[in-house]
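Numbering (my numbering), first residue to last: 402 to 634.
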Amino acid sequence: MSDILDIQFNDEEGRSGGNGRLDKVPNECPQCHEKISPIKWGGFFNRKNEDSDKTLEVVFRCPNNDCHEIFIGYYSKRSDRNDFYLRNTEPKTYSERLFSNTIKGLSVDFPRIFNQSLAAENAGLDQVCGAGYRKALEFLAKDYLLKQVKEDEEQEKIKSEPLATCIKNRIKDPSIKEVAKRAAWLGNDETHYLRKWDQKDLQDLKKLIDLTVHWMEAEALTAQLLQDMPNKE
Ligand SMILES: [Zn+2]
Numbered sequence: 402m403s404d405i406l407d408i409q410f411n412d413e414e415g416r417s418g419g420n421g422r423l424d425k426v427p428n429e430c431p432q433c434h435e436k437i438s439p440i441k442w443g444g445f446f447n448r449k450n451e452d453s454d455k456t457l458e459v460v461f462r463c464p465n466n467d468c469h470e471i472f473i474g475y476y477s478k479r480s481d482r483n484d485f486y487l488r489n490t491e492p493k494t495y496s497e498r499l500f501s502n503t504i505k506g507l508s509v510d511f512p513r514i515f516n517q518s519l520a521a522e523n524a525g526l527d528q529v530c531g532a533g534y535r536k537a538l539e540f541l542a543k544d545y546l547l548k549q550v551k552e553d554e555e556q557e558k559i560k561s562e563p564l565a566t567c568i569k570n571r572i573k574d575p576s577i578k579e580v581a582k583r584a585a586w587l588g589n590d591e592t593h594y595l596r597k598w599d600q601k602d603l604q605d606l607k608k609l610i611d612l613t614v615h616w617m618e619a620e621a622l623t624a625q626l627l628q629d630m631p632n633k634e
């Protein structure tokens, strides 16, 4: 019985293109996102992509009973021998992120911009989705602040101020301020030519946005609870 990592592939004319060796098979289905040992069907060599991340396309099937979808593993070739390295799996599905009513009440635009950025990230548009997350954060922070002031003049100032200034001078809650400040630093890195935080990446930016969301929810819930249960001492 042949090893799952051995691959026999066809060339562009459908003839046997040779034998090779995969470094690994995908361990997660890009459709149902379950951990899997996929069923391997066949490999297709594409000479015009010889120097790309799509030299070899391997067809897999998800063994999960609730899924059984077909997907493609894209492999690159790194040596003169037919050694192939897994680069990506397609097509990917993803679920939109659901936000609480508290967050939707704070900002109508934030969930929409966040999910468009998530769609870009899942489409492999890693050079632009960061700027989208940065924009989502700006809408969240500014809409949060706009809820706290009534005067038109003050609202206009918030709208036009740079995000970092807004966070520094206007957010009172220390947890929200510190987390949002760091999210803004990383967010700026996503839009500028030079990165200041080159050890931090998109996933760190998303974690900081998650934390900002978390602290804003906690603040709103605490305020609601104190209102519902006033001090009776
Ligand atoms: Zn699956």
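Here a beta-carbon is modelled for each residue, glycine too, at the ideal position from N, C-alpha and C.
- For Q432, the Cβ falls inside the 7 angstroms cut-off from some heavy atom of ligand 1.
- Shown here, N516 sits in a helix according to DSSP, grouped into three states.
- The beta-bridge partner set that DSSP reports for T490 consists of G474.
- In the three-state reduction of the DSSP assignment, I504 falls in the helix class.
- In the three-state DSSP reduction, K582 falls in the helix class (H, G or I).
- About 17 angstroms separates the beta carbon of Y495 from that of L606, a gap too long to meet the 8 angstroms contact definition.
- Your pair L423 and I408 checks out as a contact, with CB atoms roughly 6 angstroms apart and the cut at 8 angstroms.
- Taking 8 angstroms as the cut-off, the Cβ atoms of E491 and F472 count as close.
- In this structure, the straight-line span from the alpha carbon of C430 to that of N502 is close to 31 angstroms.
- At least one heavy atom of ligand 1 sits closer than 7 angstroms to the Cβ of E435.
- Annotation for I610: F515, Y534, A537, L538, L541 and A584 place their beta carbon closer than 8 angstroms to its own, counting only its chain and skipping 5 residues before and after.
- Leaving aside the five residues that flank P427 on each side, the residues in its chain whose CB is nearer than 7 angstroms to its CB run, in chain order, P439, F461, G474, L487 and T490.
- DSSP, reduced to helix, strand and coil, places L541 within a helical segment of the structure shown.
- Under the three-state reduction of DSSP output, I408 falls in the strand class.
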